[in-house]
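Trainee: Numbering (the working numbering), first residue to last: 109 to 563.
A virtual CB, placed ideally from N, CA and C, is assigned to each residue, including glycine.
Quick caveat, the model's predicted, so the values are computed rather than measured.
1. Are there three or more Cβ pairs, one per stretch, closer than 8 Å when the segment 367-384 is compared with the segment 416-432?
2. Go through the segment 165-198 residue by residue and report every complete run of the alpha helix (DSSP H) that reaches 4 residues or more, in order.
3. Helix, strand or coil for residue 411? Go by DSSP, reduced to three states.
4. In the DSSP assignment, find the unbroken alpha helix (DSSP H) run with residue 424 in it and report its ends.
5. Starting from residue 351, trace the beta strand (DSSP E) both ways and give me its first and last residue.
6. Enumerate in chain order the residues of its own chain whose CB-to-CB distance from residue 378 is below 6 Å, with the five nearest sequence positions on each side excluded.
7. Using the C-alpha atoms, what's the distance from residue 309 back to residue 234?
8. Roughly how many angstroms lie between the CA atoms of residue 241 and residue 510, to the nearest whole one?
9. Considering Cα atoms alone, identify which of 171, 490, 133 and 525 is closest to residue 209.
10. Suppose the cutoff is 6 Å on Cβ atoms and the five residues either side in sequence are ignored; what does the same chain contact list for residue 437 look like?
11. Compute the beta-carbon to beta-carbon distance between residue 297 and residue 376, rounded to the nearest angstrom, for a pair I have assumed lies under 8 Å.
12. For a test of the three-state rule: what should DSSP assign to residue 132, helix, strand or coil?
13. Would you kindly report the start and end of the unbroken alpha helix (DSSP H) that includes residue 489?
14. Using a 10 Å radius around the Cβ and a threshold of 16 neighbouring Cβ atoms, would you call residue 505 buried or exposed?
15. What is the DSSP secondary structure of residue 227, counted as helix, strand or coil?
16. Can you look up residue 359 in the DSSP assignment and give me helix, strand or coil?
17. Would you call residue 187 buried or exposed, if buried means 16 or more other Cβ atoms sit within 10 Å of its Cβ?
18. Applying the criterion that 16 or more other CB atoms from any shown protein chain within 10 Å of the CB defines a buried residue, is residue 327 buried or exposed?
19. Looking at C-alpha atoms only, which residue of 485, 354 and 462 is the closest neighbour of residue 411?
20. Note down the Cα distance separating residue 152 from residue 283, rounded to an integer number of angstroms.
Here it is in structure tokens:
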């Protein structure tokens, strides 16, 4: 475990003492992206300039800036990011996203935050702040819904590196999103060479839902590991090695160094060399009626409600659910009489008999079509509800069953909902089945081709 010493991160730890800095900063970045998606931010590629505008940040080109910087401003003024327009387009995108990440730290206005060599102040622990900003930048550039799970089935590094040009993201951002979606036992890691010993310090590890928790608990990898072959940015290598007493297959690639550092950083994928390790399934998608889930054991049937209505809607799945479990709808209506209870992000759960429960997730702000055509579903509220649902399902030892929530009257793209279900439920070990009526179209897993046009 890293001993965090950077002042900005120490402040972060004081603010959220019960969470790791990685979890806190990733969650803060996630909240920003969910809010932006609700406001119509679309991709891929996901434009950090547009995100900055939605967040109220000015972005200005400056020829005299080496890379990019977040400029301290007066409290009444808008924050400002200045960038060098002569850098490669993808480098500019990442640098702007990285500077937006600095704003997730409450002390970001205390000084100018530079992303260049010339203004590197030489703190030995600056890498700590840089790695957390890279984590947040990856969340900005590859938010929920950016990548179809089917694309994460091929984990060969050359294939994944080819996808960078499609999504116009950094290697690090792409690999972090792939690992969150794949059903294979694989982890992504980032490392940096330690100058005095030439071995490699592991900065962070993100594991897929099928990966062993014990792999890569070490803080260091030896100087003669496969990482040593990546001495220039863009150089890649792969090899079967023994790490942590495990026989693994590692694929690695060199990426730009931290400001002020000589050697490039290395990111990569590591998975068991034994290909017999089975994958872990994600969401089970099947034809059927979610009011009559298949299988055995405890089951939670899940649907969405809004924060205004005191009863379930008269159409769609809510009507079918009322017909199947009228007593549950009555209990929900009694609970919903109190407006303080039906707040966005809250969950009502009621027994439906025969080892079944019905969970109502309050995630829609009002009802009916909005004048601006935007969805009433609040993704941040859905994330909170799913986290609560995961705890309830774990306590009841229950599986979760639902229609393709959010895609009906809420008109939210399924890929956003899908990724939140994967990360909040499936990654916590909760079995999830989504039922699509026989006559209905299957949820769209891929992003339509016209959204992949590079600008």
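Mentor: If we stick to the structure as given:
1. no
2. none
3. Counted from its first residue, the chain shown places residue 411 at position 303. Correct three-state label for residue 411: strand.
4. Here residue 424 refers to the residue found at position 316 of the chain shown. Taken as a continuous stretch (DSSP letters only), the alpha helix (DSSP H) holding residue 424 covers 424-432.
5. Start at 1 with the first residue of the chain shown, and residue 351 comes out as number 243. Counting along the chain, the beta strand (DSSP E) containing residue 351 begins and ends at 344-351.
6. Here residue 378 refers to the residue found at position 270 of the chain shown. So the list reads 295, 356 and 358, once near-sequence residues are dropped.
7. Taking the first residue of the chain shown as 1, we reach residue 234 at position 126. Taking the first residue of the chain shown as 1, we reach residue 309 at position 201. In a straight line, the C-alpha of residue 234 is about 14 Å away from that of residue 309.
8. Sequence index remark: in the chain shown, residue 241 carries index 133 (1-based). Sequence index remark: in the chain shown, residue 510 carries index 402 (1-based). Their backbone Cα atoms lie some 36 Å apart in a straight line.
9. Working through the chain shown from its first residue, we reach residue 209 at position 101. If we check each option's Cα against that of residue 209, 133 comes out closest.
10. As a working mapping, residue 437 is identified with position 329 in the chain shown. Answer for residue 437: 420 and 430, listed in chain order.
11. Here the question's residue 297 lines up with position 189 in the chain shown. Here the question's residue 376 lines up with position 268 in the chain shown. The pair is a contact, with the Cβ atoms about 6 Å apart (cut-off 8 Å).
12. Within the chain shown, numbered from 1, the residue matching residue 132 stands at position 24. Looking at residue 132 - three-state DSSP - the assignment turns out to be helix.
13. For this step, residue 489 is matched to residue 381 along the chain shown. Segment 487-504, the alpha helix (DSSP H) holding residue 489.
14. What you label residue 505 is simply residue 397 of the chain shown in a count that begins at 1. So residue 505 ends up on the exposed side.
15. For the purposes of this step, residue 227 is identified with residue 119 of the chain shown, where counting begins at 1. Because residue 227 carries a pLDDT of 48, less than 50, the predicted location of this residue cannot be relied on, and the following value inherits that uncertainty. DSSP places residue 227 in coil when its eight states are reduced to three.
16. Along the chain shown, read from residue 1 onward, the residue named residue 359 stands at position 251. In the structure shown, residue 359 sits in a strand (DSSP, three-state: E or B).
17. On the chain shown, residue 187 is found 79 positions in, with the first residue counted as 1. Result: buried.
18. The sequence position of residue 327 within the chain shown is 219, counting from 1. It is exposed - the Cβ of residue 327 has fewer than 16 other Cβ atoms within 10 Å.
19. The sequence position of residue 411 within the chain shown is 303, counting from 1. The shortest C-alpha separation from residue 411 is found at 485.
20. Translated into positions along the chain shown, residue 152 becomes position 44. Translated into positions along the chain shown, residue 283 becomes position 175. Approximately 16 Å between the Cα atoms of the pair.
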